[in-house]
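Remarks on the structure that follows.
In the working numbering, the protein residues as written are 1151 to 1238.
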């Protein structure tokens, strides 16, 4: 996913319904790429971290981050990035 691809993406929820998400930012951490997204139609401040992986054909796929240590690493990078933005 190129940095210029920020905008919105469509994902499917647990019911198979299509949901639009805003891509807040993309992070490169320890050789892996992540995106932080928020649902557009919901009134929430919750963000979702997704890892960008490759499938068998080499296509990019978004994977939910379920490992607590990996999630904490992403959260720390996100907090650092936006703390720096607030200072500038």
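In this text, a Cβ means the ideal position worked out from N, Cα and C, and glycines have one as well.
Check your understanding: By how many angstroms is the C-alpha of residue 1166 removed from the C-alpha of residue 1188?
Key -> 18 Å
Review point. Between residue 1187 and the ligand COA, is the CB less than 7 Å from at least one heavy atom?
Key: You won't find the ligand COA in this model; it holds no ligand whatsoever.
Exercise for review: Pull up the DSSP beta-bridge partners for residue 1171, would you.
Suggested key: 1159, 1189
Review point. Residue 1183 by DSSP, collapsed to three states: which one?
Key: strand
Check your understanding: What are the partner residues of residue 1212, as DSSP defines its beta bridges?
Key -> 1202
Exercise for review: Count the other C-beta atoms from every protein chain shown that fall within 10 angstroms of the C-beta of residue 1162, then say buried if there are 16 or more, exposed otherwise.
Suggested key: exposed
Practice item. Measure the C-alpha to C-alpha separation of residue 1178 and residue 1230 and round it to an integer number of angstroms. Key: 13 Å
Point to revise | Residue closest to residue 1197, alpha-carbon to alpha-carbon, out of 1233, 1186, 1214 | key: 1186
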